[in-house]
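In what follows, a single structure is set out as structure tokens and then discussed.
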Amino acid sequence: MLKKGILFTVALLMIVGGISFATLGQKVGHDHSAEKAGKQPKDVHPSPKIEAQHHEDHGEAGHEEEGRVRMAEAERRKFGIEVATAGPGNMASELILPGEVVLNMDRMAHIVPRVPGVVREVRKTVGDSVKRGEVMAVIESRELAKAKADYLAAVEKAALVESKFRREEALWKEQISAEMEYLDAKQAWADAKITLRSEEQRLHALGFSHDYLRQLPKMPDESFTRFEIVAPFDGTIIEKHITMGEVLKEETDTFQVADLTSVWVNISVYQKDLQSVRKGQAVSITTGHDGNPARTPAKAVISFVSPLVKEETRTALARVVLPNPSGEWRPGMFVNVKVTVEEFSAPVTIPKSAVQTLDEKSVVFIEEGDGFEPRQVKMGRSTNGAVEILSGLTVGERFVVKGGFTLKAQLSKAAFGDGHGH
101 MLKKGILFTV ALLMIVGGIS FATLGQKVGH DHSAEKAGKQ PKDVHPSPKI EAQHHEDHGE
161 AGHEEEGRVR MAEAERRKFG IEVATAGPGN MASELILPGE VVLNMDRMAH IVPRVPGVVR
221 EVRKTVGDSV KRGEVMAVIE SRELAKAKAD YLAAVEKAAL VESKFRREEA LWKEQISAEM
281 EYLDAKQAWA DAKITLRSEE QRLHALGFSH DYLRQLPKMP DESFTRFEIV APFDGTIIEK
341 HITMGEVLKE ETDTFQVADL TSVWVNISVY QKDLQSVRKG QAVSITTGHD GNPARTPAKA
401 VISFVSPLVK EETRTALARV VLPNPSGEWR PGMFVNVKVT VEEFSAPVTI PKSAVQTLDE
461 KSVVFIEEGD GFEPRQVKMG RSTNGAVEIL SGLTVGERFV VKGGFTLKAQ LSKAAFGDGH
521 GH
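As structure tokens, this is what we get:
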């Protein structure tokens, strides 16, 4: 029995050894066939030389793979690799909120004729620029003629009453006339002055100056019915509601004039951002994707934050007064408003685009000799374009600022080839 058992064991070992030898022979034969054929794998896109190192760690981290991409200067230029030196930088915490350009309501006017009448001339239309005092339309008004006539009558009456008062005053002082006659003349003069003052103020309310009233007695009668609708300030006509021959009332809205050299930007502030937005904060305003990317962002300061939240949108209104001398900011445009919430400095800051994700870790490619190595970094605060680095990158180190994705792709390609090419 013992002899039979030994023979069986020896036979089994010989079978296992034969299978292993056959398998090894197949692998060796396959490799030599490739070498004899003299064929090398072709790569349509030439790639830099990659030197991958593999380490096995049986601790808590498990298996970890590190790589290094070697790249000559010519290859760097070809792949658009750019390197910068890590260092400190100033950063700003920002919010981007939606906004709309609207008319500056403090620089807009609704023009009414102040007196009823019939339109005789229309000299301006929508889109026309006007100067302060420039005539936009002319109306003919009987009510205006009566107001001017009443004023002139009051002027004449006041002059006559004053003359009578002076005469009665002189007679009373010489005790020629009774005191009662003097007092009556004095009262009449006071009443005439009140009437004259009232008629004068009436014409001032219609827009006539002191100089105009002084010249009025010398003017021809046909000018008494003429009323000119003039621009109250320099601006642009944005609405026109007047035609030739139209009968106007004193409250008719004939024109709307706006000074477009200054506009408002109304900003919608979400509830969650209300604590971060306040009066006096600096903002940067852009139009977004409007077909004019070359437009320079406008700088301004928040001048108003509403204490109320709109029920429909759950947003509060913040406002910016924006200078607009060239007229490029047109009311009705939608804009993006970048609000600077906090400014701070960081020991090491880099562009966000320099950070790559490798094996679910944030890494930056560091320049080492003739190549680049990925290094894990810990990120801190970030803005729209930059990020603070808390660890993994120190001041003075050279890192890839542009082209990191290319290096990541080459590194991943090398790791894939090593893992599946045996």
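Note that the working numbering has the sequence shown beginning at 101, numbered continuously upward.
Beta carbons: idealized from backbone N, C-alpha and C, even for Gly.
Strand pairing of P474, partner residues [DSSP]: Looking at the DSSP output, P474 sits in a beta bridge with F465.
In whole angstroms, give me the CA-to-CA distance for Q371 and T415. Rounded to the nearest angstrom, the two C-alpha atoms are 6 angstroms apart.
Would you call L524 buried or exposed, if buried means 16 or more other Cβ atoms sit within 10 Å of its Cβ? Given a span of 101 to 522 for the chain in the structure shown, any question on residue 524 remains unanswerable.
Could you tell me whether the region 424 to 437 touches the region 175 to 183, where touching means 3 or more Cβ pairs closer than 8 angstroms? No, they do not touch.
Write down every uninterrupted run of the alpha helix (DSSP H) in the region 312 to 386 whose length is 4 residues or greater and which is fully enclosed by it, in chain order. List check, alpha helix (DSSP H) in window: nothing returned.
Coarse secondary structure for M191, derived from DSSP in three states: Here M191 sits in strand by DSSP.
Neighbour-count burial assignment, I276, 16 or more Cβ in a 10 Å radius: I276 is exposed by the Cβ-count criterion.
DSSP three-state label for R220, please. Here R220 sits in strand by DSSP.
DSSP state of Q275, grouped into three classes? Annotated three-state conformation of Q275 is coil, per DSSP.
State yes or no: is the C-beta of K438 within less than 7 angstroms of the C-beta of V405? It is not a contact, given that the beta carbons lie outside the stated cut-off.
According to the Cβ coordinates, are S362 and N204 closer than 7 angstroms? Cβ atoms of S362 and N204: closer than 7 angstroms.
Note down, in chain order, each residue of its chain lying with its Cβ closer than 7 angstroms to the Cβ of N366, except the 5 sequence neighbours on either side. Correct list, in chain order: G199, E200, V202, L417 and R419.
Nearest CA to the CA of T343: which residue from K478, G217 and V495? If we check each option's Cα against that of T343, G217 comes out closest.
To the nearest angstrom, how far is it from the Cα of E221 to the Cα of A292? Answer to the nearest angstrom: the Cα atoms are 37 angstroms apart.
CA-CA distance, A253 and D284? For A253 and D284, the distance between alpha carbons rounds to 21 angstroms.
Taking the straight line between their C-alpha atoms, what separation do you get for S426 and T386? Straight across, the Cα-Cα distance linking S426 with T386 is about 16 angstroms.
Can you tell me the Cα-Cα spacing of E488 and E428, whole angstroms? Put simply, the backbone Cα of E488 is about 36 angstroms away from that of E428.
Find out if the Cβ-Cβ distance for the pair F355, I211 is shorter than 7 angstroms. For the pair F355 and I211, the CB atoms are nearer than the 7 angstroms cut-off.
Hey, quick one: how far does the beta strand (DSSP E) through E182 stretch, first residue to last? Residues E182 to T185.
How big is the Cα-Cα spacing for R430 and S445? Near 36 angstroms, if we compare the C-alpha coordinates of S445 and R430.
For V448 and G159, the rounded distance between their alpha carbons: Because the pLDDT of G159 is 36, which lies under 50, any placement of that residue in the model is unreliable, and the number read from its coordinates should be weighed accordingly. A direct Cα-Cα distance of roughly 32 angstroms separates G159 from V448.
May I have the straight-line CA-CA distance separating P451 from S482, to the nearest angstrom? For P451 and S482, the distance between alpha carbons rounds to 9 angstroms.
List, from N- to C-terminal side, the beta strand (DSSP E) runs of 3 residues or more that fit wholly inside the region 232 to 289. Runs found: 235 to 240.
Buried/exposed call for E268, threshold 16 Cβ in 10 Å: Flag for E268 reads buried.
Have a look at S512, G503, A305 and V235 and flag the residue whose alpha-carbon is nearest the alpha-carbon of V330. Nearest C-alpha to V330: V235.
In terms of alpha-carbon separation, which member of G233, S241, E281 and W364 lies closest to S309? Checking every option, the nearest Cα to that of S309 belongs to G233.
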